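Trainee: Be aware that the first sequence starts at 1189, since it is given in our numbering, and climbs by one per residue.
The C-beta atom is built at its ideal place from N, Cα and C for all residues, glycine as well.
Computed from a predicted structure; not experimentally measured.
Encoded as structure tokens, here's the structure I'll be asking about.
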Amino acid sequence: MSGRGRPRKAKSPDSKLTKGRTRPEEVKQASPMRCPAFKEEKQNETMQENHLEEKPSVQRTRKGKATNHFTEETNKQQELPAGSSAAKTCSTNPTSAGETLNTQPDPARSSPKIPKPNKCPRRAKLPEESTKNTMTLPETRKDNTQTSGSRAVTKLSDEKKTQPETPKDIKKASVKIAKAPDSKAKSHLTEDTKTQKELFSDDIKKPMTVEAKKKAAKAKQPSTSEDSTEDRKKQKVNALLKKTLANLRIKTEERSNAAKAVNAIKMHIIKHLRENTECFKDVQEALNTGSYYENLKISHPNEFDVMLPMLVNRVQIEPFGKDGAFYSVSMKRETNPLRKFQRDGILSASEMLKDFREEVKKCVKKFTEWKMDKKKSGCPAVTLITTIQSVTISLDVVLCLKVKSIWPSFTQDGLKIQEWLGAKVRRDHRLEPYYLVPKYEGCGEVQKDGVLAKDAWRVSFSHIEKAILKNHGSDKTCCEKGGASCCRKECLKLLKYLLHLLKEEDTSLNKICSYHAKTTLLHACCSRTKDHDWRAPDLSHCFQLLLQDFENHLKKRELHNFFIPSQNLLSGPSMKTCQKLAERIKKESENGFPIFEPGQHNAH
DNA sequence: TCCTCGGCCGAGTCG
DNA sequence: CGACTCGGCCGAGG
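Set out below in structure tokens:
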């Protein structure tokens, strides 16, 4: 296997060392997971001496894109899977017990490498050519300006590409083309810049937002003192929220240091699994999941989630429990090395996790700056901890199964994004694989139908969550250059931060986690579906609506898993806890979020 | 305005 | 031809 791949070209000295891309010498060190010639000792030396920091750049691994036609990238498993307790069973759904899915690979999807129609490939450019070409090839622009999310989706099946574009597609493309070449410079002062300013500067003149219009209307009438008090209050809240968001931003240096360390150890774990283990040697490229990789991390880049997928071709899954989130898994007629973890025909999550943990332990031993956290029961992750410049960073590594098959029937009524993102997007997402993580709830020794809880698996759609959050607009140009900015992500960040502060204040809220916040946002996006409902300048209004949603879920103690409606994510926390939190949030909202005021808490 | 990181995907090479 | 790597380019965020 060594010696494969394109030899490095001798670059001319002035050749573009593209923005932040991996430099050749680093790639040499970084990428060849499967290359025995890889000098591990050298790496270890470097990493240990320098605490991983002196490596000039990211030790990024690259995708073996030919391995299959699915996106191996986008995925996430937000805070919830990594041991949070939000995934609780809900006994309200007695549907189809005994579901059996014979997960044969879908021929339409598993056919390898369908030749793609001419779709304006991004051709390699000479350095001096690059700008010019980008500017003068509308097709190229068009292609490139499809957001990655939609790319990931369209990549799934090529026949989709030949289908006529939806009006949205056309609209987006044409906007982009119109914008693309020469108007690029001019368009700088358009929405983008504006909304940035609107978001982060307090007294910028706004365009006529919904609120501004109201204000203007009021101003024409003889204003009462009540009105102006109200206005001042609103402005104050707006300013506070913007300032809070600004404080939550991650610093570049911190981000850079953390990414280097995390990428390095990640790469070594994968390399170790591939080269030194039998059962995990087929581990696929890491799926970066979690809020850091969704650009939703707040304050510090101190938590990273990575899923390491093992492809399984023919599995049968049986619901474990009633809510459709947990399953027992068995592999049929498969020569998968994971079969060694089968007990009585059931793939034992606990056995696999045990072995995986051992392997990671062996691998990490060489990197003294990383420590392995204790095993947490029910938690699918092996947690590694390190400290960079006095900031503790944790990396959750989750071994998971990647299943290319139709999604479990419990998901049938989930992912209700038709009104928001469109039926086509939903269909495309549902054609992607899903994942199973070795996660259980409650006591591991509890048996159901002869299967121990600790051997159960939970479904994960974190890759879809990630894709949706990335491509979150009803209009495809949402938050892009030339499109209007929305505040969906900002609202979620604020909600997460509020939750974080409230949890610090009251430890009895520990069963509420940021996944609840995220799920609330996803549901909210499905009920307020248009980008206009989430205009960036309307941040405070949108945030308050989101809080109302959250309060309502809490009061009813009912928050359905976005993908599996039969699972109530609030069945874990008690009614009392939910009520308490709802009250607390209401209070904050009514009083203009004193909790966000400087001095109340440190933003960091 | 420019930089970093994460990600996508075409190009190139090997077996 | 499939598997695999390299590296150019993009967007998001800061």
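(1) Going by other Cβ atoms of all chains shown within 10 Å of its Cβ, with 16 needed for buried, is threonine 1259 buried or exposed?
(2) Work out the CA separation of lysine 1562 and arginine 1531 for me, nearest whole Å.
(3) Quick check: lysine 1684 and alanine 1705, are their CB atoms within less than 9 Å of each other?
(4) With three or more beta-carbon pairs closer than 8 Å as the criterion, would you say the stretch 1605-1622 touches the stretch 1710-1718?
(5) Out of Phe1598, Lys1658 and Asp1719, which has the shortest C-alpha to C-alpha gap to proline 1753?
(6) Determine the closest residue to proline 1568 out of Leu1687, Leu1589 and His1688, with distance taken between C-alpha atoms.
(7) Lysine 1563 by DSSP, collapsed to three states: which one?
(8) With valine 1494 as the anchor, note down where its alpha helix (DSSP H) starts and where it stops.
(9) Determine the contact status of methionine 1498 and leucine 1526, defining contact as a CB-CB distance below 9 Å.
(10) So is aspartate 1637 buried or exposed if we call it buried at 16+ other beta carbons inside 10 Å?
(11) Quick one, which of Asp1643, Ser1536 and Ile1773 has its alpha-carbon nearest asparagine 1740's?
(12) Please confirm whether leucine 1727 and lysine 1430 have their CB atoms less than 9 Å apart.
(13) Please state the DSSP three-state secondary structure of isoleucine 1534.
(14) CB-CB under 7 Å to cysteine 1730, same chain, minus the five flanking residues each way: which ones, in chain order?
(15) Restricting to Cα atoms, I'd like to know which of Lys1550, His1488 and Lys1775 is closest to histidine 1460.
(16) Taking 9 Å as the cut-off, decide whether the C-beta atoms of threonine 1432 and phenylalanine 1781 are in contact.
(17) Taking glycine 1566 as the reference, which of Thr1417, Gln1732 and Cys1631 has the closest Cα?
(18) Name, in chain order, the residues that DSSP records as bridge partners for cysteine 1588.
(19) For isoleucine 1652 and tyrosine 1703, I'd like the C-alpha separation in whole angstroms.
(20) Restricting to Cα atoms, I'd like to know which of Leu1428, Ile1656, Gly1602 and Ser1662 is closest to tyrosine 1481.
(21) Since I believe aspartate 1643 is in contact with serine 1762 (beta carbons under 8 Å), could you give me their beta-carbon distance rounded to a whole number of angstroms?
(22) Can the beta-carbon of phenylalanine 1784 be found closer than 9 Å to that of leucine 1428?
(23) Can you tell which of Phe1529, Arg1521, Glu1547 and Ser1487 has the C-alpha that lies nearest to the C-alpha of threonine 1465?
(24) Using DSSP with H/G/I as helix, E/B as strand and the rest coil, what is proline 1525?
(25) In whole angstroms, what is the alpha-carbon distance linking serine 1798 and cysteine 1666?
(26) Hey, glutamate 1771 and leucine 1686 are a contact pair by Cβ (cut 8 Å); roughly how many whole angstroms apart?
(27) The alpha helix (DSSP H) spanning serine 1650 covers which residue range?
(28) So, at 6 Å on beta carbons, what are the nonlocal neighbours of isoleucine 1529 in its own chain, with the 5 sequence-adjacent residues on each side left out?
(29) Kindly indicate which three-state DSSP category lysine 1402 falls into: helix, strand or coil?
Mentor: This is what the structure gives:
(1) The pLDDT assigned to threonine 1259 is 32, lower than 50, so where the model puts this residue is not dependable, and the model offers no usable value.
(2) Their Cα atoms are separated by approximately 25 Å.
(3) In this structure, alanine 1705 lies closer than 9 Å to lysine 1684 by Cβ.
(4) Counting C-beta pairs with one atom in each stretch, the stretch 1605-1622 and the stretch 1710-1718 have three or more that are closer than 8 Å, which means they touch.
(5) When the alpha-carbon of proline 1753 is set against those of Phe1598, Lys1658 and Asp1719, the nearest one is in Phe1598.
(6) The shortest C-alpha separation from proline 1568 is found at Leu1589.
(7) Correct three-state label for lysine 1563: coil.
(8) Valine 1494: not part of any alpha helix (DSSP H); member of the beta strand (DSSP E) spanning 1491-1500, first to last residue.
(9) Taking 9 Å as the Cβ cut-off, methionine 1498 and leucine 1526 qualify as a contacting pair.
(10) Answer is exposed; the Cβ neighbour count stays below 16.
(11) The closest CA to that of asparagine 1740, considering only Asp1643, Ser1536 and Ile1773, is found on Ile1773.
(12) In this structure, lysine 1430 lies closer than 9 Å to leucine 1727 by Cβ.
(13) Isoleucine 1534 falls in the strand class under three-state DSSP.
(14) Its chain contains Cys1675, Cys1679 and Trp1722 as the residues whose beta carbon lies nearer than 7 Å to that of cysteine 1730, once the 5 sequence neighbours on both sides are disregarded; these appear in chain order.
(15) The candidate whose alpha carbon is nearest that of histidine 1460 is Lys1550.
(16) At the C-beta level, threonine 1432 and phenylalanine 1781 come within 9 Å of one another.
(17) Answer by Cα proximity: Cys1631.
(18) Note: cysteine 1588 sits in a beta bridge opposite Pro1497.
(19) Rounded to the nearest angstrom, the two C-alpha atoms are 14 Å apart.
(20) In this structure, Ile1656 is the residue among Leu1428, Ile1656, Gly1602 and Ser1662 with its C-alpha nearest to the C-alpha of tyrosine 1481.
(21) Rounded, the Cβ-Cβ distance is 28 Å, inconsistent with contact.
(22) Yes, Cβ-Cβ distance for phenylalanine 1784 and leucine 1428 is below 9 Å.
(23) Out of Phe1529, Arg1521, Glu1547 and Ser1487, Glu1547 has the C-alpha closest to the C-alpha of threonine 1465.
(24) In the structure shown, proline 1525 adopts helical secondary structure according to DSSP, grouped into three states.
(25) With the chain running from 1189 to 1792 in the structure shown, residue 1798 is simply not present.
(26) The beta carbons of glutamate 1771 and leucine 1686 sit about 14 Å from each other, so the pair does not count as a contact at 8 Å.
(27) From DSSP, the alpha helix (DSSP H) with serine 1650 extends over 1650-1658.
(28) The question names isoleucine, yet the displayed sequence has phenylalanine at residue 1529. The beta carbon of phenylalanine 1529 is closer than 6 Å to those of Leu1535, Ser1536, Glu1539 and Met1540 in its chain, skipping five residues each way along the sequence.
(29) Its pLDDT being 47, under 50, lysine 1402 is placed unreliably by the model, and the measurement read from it follows with that caveat. DSSP places lysine 1402 within a helical segment (H, G or I) once states are collapsed to three.
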